[in-house]
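According to UniProt numbering, the sequence shown is numbered sequentially starting from 1.
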Amino acid sequence: MSIKAVKTEKMNFVRLLVVAVLLFVGVQGYSLKVVNKVNPCSGRSYCTLKMFYTGYQQKDLCLGATMTFDGSQIPGTGLGIQENGMYCRSHGGETGCINPDNAGMQLVLKGGSCNNIQLNDPFYCGKYPPNAKSVLDVQMSGSWPNCVATIYRKGGAPGCQSRC
């Protein structure tokens with residue numbers, strides 16, 4: 001291999017490395033402020049949301065409270081959002097799982113725009129856990145890389161249950 005070919009190969013590697021770093025920074029280099037506007041279920045009093053983020057950390061977020069995450073705190077599977085009311089499982093009780101249970105979902109920011117999000121189904125106990133996508137609305141605002149997710153209870157959302 002000639003010296004020129006080696007230099008060209010090294011330059012291509014450096015360019016590829018720079019692109020990879022910029023892509024990583026582009027995905028991680030953002031902030032997400034979560035604003036809780038979720039009222040408790042009728043006749044109940046509880047802290048309505050719980051956030052799940054990197055390192056199995058979790059934090060309750062009560063009505064009116066906010067919490068800001070930097071991109072490194074949100075795993076690739078998304079920011080876990082749980083509505084702390086109790087909801088019946090869509091297919092009845094499942095072995096080893098409580099019913100009713102909290103409703104969960106994952107909020108994934110795809111990058112480049114605060115409106116480029118995906119809400120994924122929950123993935124905890126059993127095949128049919130209560131899905132927060134039927135309970136909560138997420139309204140995005142802000143300008144990339146400073147995004148805001150304001151969370152509301154959906155109109156017509158199922159009510160909390162004491163038993164199923």
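Where is the CB? At the ideal position from N, CA and C, for every residue including glycine.
S162 (DSSP reduced to helix, strand or coil):
Counted from its first residue, the sequence shown places residue 162 at position 162. Three-state DSSP puts S162 in coil, outside helix and strand.
Secondary structure of A149, DSSP reduced to three states:
Working through the sequence shown from its first residue, we reach residue 149 at position 149. A149 falls in the strand class under three-state DSSP.
Can you tell me where the beta strand (DSSP E) with N36 in it begins and where it stops?
The count along the sequence shown starts at 1 and reaches residue 36 at position 36. Run containing N36: 31 to 37, per the beta strand (DSSP E) assignment.
Helix, strand or coil: which one does DSSP assign to K133?
To locate residue 133, count along the sequence shown from 1; it is residue 133. If DSSP states are grouped into helix, strand and coil, K133 belongs with the helices.
Look at the alpha carbon of R153 and the alpha carbon of G142, and state the distance between them as a whole number of angstroms.
On the sequence shown, position 153 is the one that residue 153 refers to. On the sequence shown, position 142 is the one that residue 142 refers to. Whole-angstrom Cα-Cα distance: 21 Å.
Coarse secondary structure for S113, derived from DSSP in three states:
Locating residue 113 in the sequence shown gives position 113, counting from the first residue. In the structure shown, S113 sits in coil (DSSP, three-state: anything other than H, G, I, E or B).
Can you tell which of L79, N99, G80 has its C-alpha closest to the C-alpha of Y87?
In the sequence shown, counting from the first residue as 1, residue 87 sits at position 87. Per the Cα distances, N99.
Which runs of the beta strand (DSSP E) fall wholly inside the stretch 27 to 97 and span at least 3 residues, in chain order?
31 to 37, 49 to 53, 57 to 61, 66 to 70, 79 to 87
Would you tell me roughly how many angstroms separate the C-alpha atoms of F52 and L79, rounded to the nearest one?
Within the sequence shown, the letter at position 52 stands for residue 52. Within the sequence shown, the letter at position 79 stands for residue 79. Rounded to whole angstroms, F52 to L79 spans 6 Å at the Cα level.
Around the C-beta of D70, are 16 or more other C-beta atoms found within 10 angstroms, so that it is buried, or is it exposed?
Against the sequence shown, residue 70 aligns to sequence position 70. Classification of D70: exposed, given that the 10 Å Cβ count is below 16.
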